[in-house]
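Each residue of the sequence shown is one higher than the last, beginning at 19 in my numbering. Below is one structure; the comments refer to it alone.
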Amino acid sequence: GHIQKDQPTLIGEGEITQYLGDAVALVCARDLETLEQAKKLVRVVYEELPAVYGPEEA
Numbered sequence: 019g020h021i022q023k024d025q026p027t028l029i030g031e032g033e034i035t036q037y038l039g040d041a042v043a044l045v046c047a048r049d050l051e052t053l054e055q056a057k058k059l060v061r062v063v064y065e066e067l068p069a070v071y072g073p074e075e076a
């Protein structure tokens with residue numbers, strides 16, 4: 019899979035994600051209805067950074 023043992027499960031606030039599928043939030047609730055309402059409150063803003071294509075650029 020994508021997740022490695024030395025990789026955090028959740029990306030912290032202000033940290034850089036590696037791809038759009040990285041987990042950035044965890045939502046828990048007592049019931050499904052509350053969960054669905056809580057999920058709607060989560061807002062994630064991505065800033066597109068320039069791609070790095072080789073070790074020279076890194």
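Positions of the beta carbon are idealized from the N, C-alpha and C atoms, including for glycine. If you're wondering where the values come from, they're calculated on a predicted model, not measured in any experiment.
Euclidean distance between Cα positions of residue i and residue j
i, j, result
"Pro73", "Arg61", "33 Å"
"Val63", "Thr52", "23 Å"
"Pro68", "Thr27", "24 Å"
"Ala47", "Tyr37", "27 Å"
"Glu65", "Thr35", "10 Å"
"Asp49", "Asp24", "33 Å"
Limits of the unbroken alpha helix (DSSP H) element including residue i
i, result
"Ala56", "50 to 57"
Between the stretch 56 to 64 and the stretch 31 to 47, can you find at least three pairs of beta-carbon atoms closer than 8 Å? Counting Cβ pairs under 8 Å, three or more are found: they touch.
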